[in-house]
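Protein chains in written order, with full-length UniProt numbering: chain W, 1 to 281; chain E, 1 to 281.
Below is one structure, written out as structure tokens, with a few remarks after it.
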């Protein structure tokens with residue numbers, strides 16, 4: 001199956017039907033497990049990233065619902081990192097053709113320019129979905145929203161300090177992030193290809209989002225290293241009708257160990273997160 | 001002078017003192033002048049981009065105050081385009097060491113991740129300034145805001161249809177974009193390295209921004225292909241004390257002609273924009 005033939009939503013829905021809600025973030029680039037040092041020395045950074053990805057995917061692919069890759073960690077290493085990013089995404093398509101890959105790129109420009117980011121994300125890199133900034137509005141995002149086989153996850157209530165500075169600004173009794181969720185649910189989702197990014201660190205926000213966007217799939221980062229509580233987040237994310245969300249963890253899984261057991265420990269952490277989600281299910 | 005030694009604000013202030021306010025956007029990638037077809041065929045895309053950039057910079061460098069390069073047009077072409085982007089930025093530093101280069105990348109993630117985007121923009125690519133999304137708040141942008149020799153242009157009131165969807169959302173009598181401008185002016189600019197992006201297509205918005213952020217330098221896109229009126233925009237951008245803004249045009253300059261005269265026509269358009277700004281000055 002070529003990248004163009006892949007349908008993010010078919011793949012995601014299949015995973016959700018199989019009760020697979022964990023999304024592992026393959027965000028390398030700041031650290032490497034010690035067993036990969038020799039690969040780095042002998043074959044370079046790109047090869048070390050590929051080995052890392054292959055080991056993590058082999059250890060977690062039967063458990064996860066999706067992989068998420070943040071472009072920043074690869075772009076920081078220039079073209080060598082970006083080549084590795086491309087190889088990793090396309091390799092996951094080969095290793096596990098049924099697992100969707102979300103490029104966490106947080107892009108957002110005018111429409112004319114977003115068409116080029118879509119070419120980068122879906123054409124060059126081969127991702128199945130992307131995260132985008134809402135600030136420039138629906139019409140600017142047309143090149144993403146118009147691709148019905150791709151996932152377009154709109155930043156709504158993000159994790160991290162400072163997120164509330166604008167997202168919490170109240171307008172007609174609603175904070176901005178609720179307005180974003182409502183606009184996406186009511187106006188942006190004509191091709192049924194929108195999702196919302198709502199951090200696990202704020203279950204109250206997930207509940208508010210679910211009130212105005214009951215059927216929009218959620219991407220929930222912030223468990224693990226960022227400290228969000230899984231049970232609270234998952235309880236809030238349940239929609240009335242069906243469970244359509246990914247709970248995403250990155251550093252807490254891929255950096256679970258830096259020793260020979262790094263892949264095994266990543267699997268343990270992934271399974272633990274999977275089971276926490278099932279427990280609430 | 002190495003990239004690390006360059007100071008965006010020293011360079012920009014020098015240009016403003018010389019009454020140079022035009023910023024030319026080197027956004028290739030969608031079209032090429034016909035004389036560059038043979039370069040494309042014989043030496044590849046990266047070489048064609050470099051030839052294009054060299055010709056435009058040679059024809060406009062004595063007039064402009066800054067160059068702006070939008071990452072999307074290069075990333076769309078994958079690592080070949082990104083290599084060219086790096087070469088172009090670093091070549092401008094050599095050809096015209098006094099001209100600052102703004103990477104229009106519109107990035108924005110959590111702080112941990114933004115550190116990697118800063119490495120990409122300033123380390124790998126060698127840019128002097130970057131554009132960023134405000135949606136995730138001040139604390140998320142610390143890796144940019146903490147680099148005092150770099151320019152951090154925060155998206156405020158953007159061009160293009162749909163920009164008002166959230167930017168115009170009113171909170172305490174102020175639309176969101178005014179709140180962004182006020183926060184940047186009052187809280188984010190501790191290192192005196194912030195700017196605001198306010199589109200020429202909305203002079204009223206520029207005036208509102210100037211009311212709350214009288215001293216923050218502006219990057220004003222949207223003249224030329226996007227139709228903003230230069231005189232209105234420049235009148236609105238004048239601050240009480242000094243003129244600190246760049247008026248940016250891309251397609252209307254670099255695609256002024258596709259024939260042998262493309263560089264000369266780019267120079268004419270750049271001079272015309274320069275003179276329009278002086279006329280108001």
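Quick reminder that beta carbons are idealized off the backbone N, C-alpha and C, glycines included.
Query raised in the report: Quick one: is residue 171 of chain W near chain E, going by C-beta distance under 8 Å?
Result: Residue 171 of chain W sits at position 171 when you count from the first residue of the first chain. Cβ-Cβ to chain E under 8 Å: yes for residue 171 of chain W.
Report task. Would you list the residues sitting across from residue 223 of chain E in a DSSP beta bridge? Result -> Your numbering for residue 223 of chain E matches position 223 in the second chain. DSSP output for residue 223 of chain E lists E:228 as bridge partner(s).
Query - Cβ neighbour criterion (16 or more within 10 Å) applied to residue 44 of chain E - result: Against the second chain, residue 44 of chain E aligns to sequence position 44. So residue 44 of chain E counts as exposed.
Query - Bridge partners - residue 130 of chain E, DSSP secondary structure assignment - result: Position 130 of the second chain, counting from 1, holds the residue named residue 130 of chain E. According to DSSP, which records beta bridges pairwise, residue 130 of chain E is partnered with E:103, E:152.
**Report entry** Rounded separation between residue 91 of chain W and residue 266 of chain W - CA only
**Finding:** For the purposes of this step, residue 91 of chain W is taken as the residue at position 91 of the first chain. For the purposes of this step, residue 266 of chain W is taken as the residue at position 266 of the first chain. So the two alpha carbons sit approximately 19 Å from each other.
**Report entry** Inter-residue spacing [alpha-carbon to alpha-carbon] between residue 145 of chain E and residue 121 of chain E
**Finding:** One-based indexing of the second chain puts residue 145 of chain E at position 145. One-based indexing of the second chain puts residue 121 of chain E at position 121. Rounded to whole angstroms, residue 145 of chain E to residue 121 of chain E spans 14 Å at the Cα level.
Query raised in the report: Around the Cβ of residue 227 of chain W, are there at least 16 other Cβ atoms within 10 angstroms (buried) or fewer (exposed)?
Result: For the purposes of this step, residue 227 of chain W is taken as the residue at position 227 of the first chain. Answer is exposed; the Cβ neighbour count stays below 16.
Report task. Taking residue 207 of chain W as the reference, give the member of W:192, W:182, W:194 with the closest Cα. Result -> For the purposes of this step, residue 207 of chain W is taken as residue 207 along the first chain, with counting starting at 1. With distances taken between Cα atoms, residue 207 of chain W lies closest to W:182.
Report task. Report buried or exposed for residue 34 of chain E, applying the criterion of at least 16 other Cβ atoms within 10 angstroms of its Cβ. Result -> Position 34 of the second chain, counting from 1, holds the residue named residue 34 of chain E. Label assigned to residue 34 of chain E: exposed.
**Report entry** Any chain W beta carbon closer than 8 Å to residue 180 of chain E
**Finding:** As a position in the second chain, residue 180 of chain E is number 180, starting the count at 1. True, the Cβ-Cβ gap to chain W drops below 8 Å.
Query raised in the report: What residues from the stretch 122-154 of chain W come within 7 Å of chain E, judged by C-beta to C-beta, listed N to C?
Result: 124, 133, 134, 135, 136, 137, 138, 139, 140
Query raised in the report: If you draw a straight line from the C-alpha of residue 330 of chain W to the C-alpha of residue 172 of chain E, how long is it?
Result: Not covered by the structure: residue 330 of chain W. The range shown for chain W is 1 to 281.
**Report entry** Proximity test, Cβ basis, 8 Å: residue 21 of chain E and chain W
**Finding:** Taking the first residue of the second chain as 1, we reach residue 21 of chain E at position 21. Chain W, which has no Cβ nearer than 8 Å to the Cβ of residue 21 of chain E, makes this no.
**Report entry** chain W contact for residue 91 of chain E (CB, 8 Å cutoff)
**Finding:** Translated into positions along the second chain, residue 91 of chain E becomes position 91. It does not: the Cβ of residue 91 of chain E has no partner Cβ on chain W nearer than 8 Å.
Report task. Would you identify the three-state DSSP class for residue 97 of chain W, choosing helix, strand or coil? Result -> To locate residue 97 of chain W, count along the first chain from 1; it is residue 97. Three-state result, residue 97 of chain W: coil.
**Report entry** Integer-rounded CB distance, given that residue 213 of chain W should sit under 8 Å from residue 196 of chain W
**Finding:** The residue given as residue 196 of chain W occupies position 196 in the first chain. The residue given as residue 213 of chain W occupies position 213 in the first chain. Yes, they are in contact, since the Cβ atoms of residue 196 of chain W and residue 213 of chain W sit about 6 Å apart, within 8 Å.
**Report entry** Start and end residues, beta strand (DSSP E) containing residue 197 of chain W
**Finding:** Here residue 197 of chain W is taken as the residue at index 197 of the first chain, counted from 1. First-last of the beta strand (DSSP E) with residue 197 of chain W: 194-198.
Query raised in the report: Secondary structure at residue 248 of chain E, three-state DSSP: helix, strand or coil?
Result: Taking the first residue of the second chain as 1, we reach residue 248 of chain E at position 248. Here residue 248 of chain E sits in strand by DSSP.
**Report entry** Which listed residue (W:276, W:280, W:243) has its alpha carbon closest to that of residue 17 of chain W
**Finding:** Within the first chain, the letter at position 17 stands for residue 17 of chain W. It is W:243 whose Cα lies nearest to the Cα of residue 17 of chain W.
Query - Amino acids of chain W, ordered along the chain, whose beta-carbon sits closer than 7 Å to that of residue 162 of chain E - result: In the second chain, the residue the question calls residue 162 of chain E occupies position 162. Within 7 Å Cβ-Cβ: 136, 137, 138, 139, 140.
Query raised in the report: Considering only C-alpha positions, which residue in the set E:273, E:272, E:274, E:255 is nearest to residue 282 of chain E?
Result: Outside the displayed span of chain E (1 to 281) sits residue 282 of chain E, for which this structure offers no information.
Query raised in the report: How many angstroms separate the CA atom of residue 86 of chain W from the CA atom of residue 274 of chain E?
Result: The sequence position of residue 86 of chain W within the first chain is 86, counting from 1. The sequence position of residue 274 of chain E within the second chain is 274, counting from 1. Using only the alpha carbons, I get a separation of about 42 Å.
Query raised in the report: Quick one: any contact between the stretch 107-116 of chain E and the stretch 56-68 of chain W, if contact means 3 or more CB pairs under 8 Å?
Result: no
Query raised in the report: Which two residues bound the contiguous beta strand (DSSP E) that contains residue 282 of chain W?
Result: Not covered by the structure: residue 282 of chain W. The range shown for chain W is 1 to 281.
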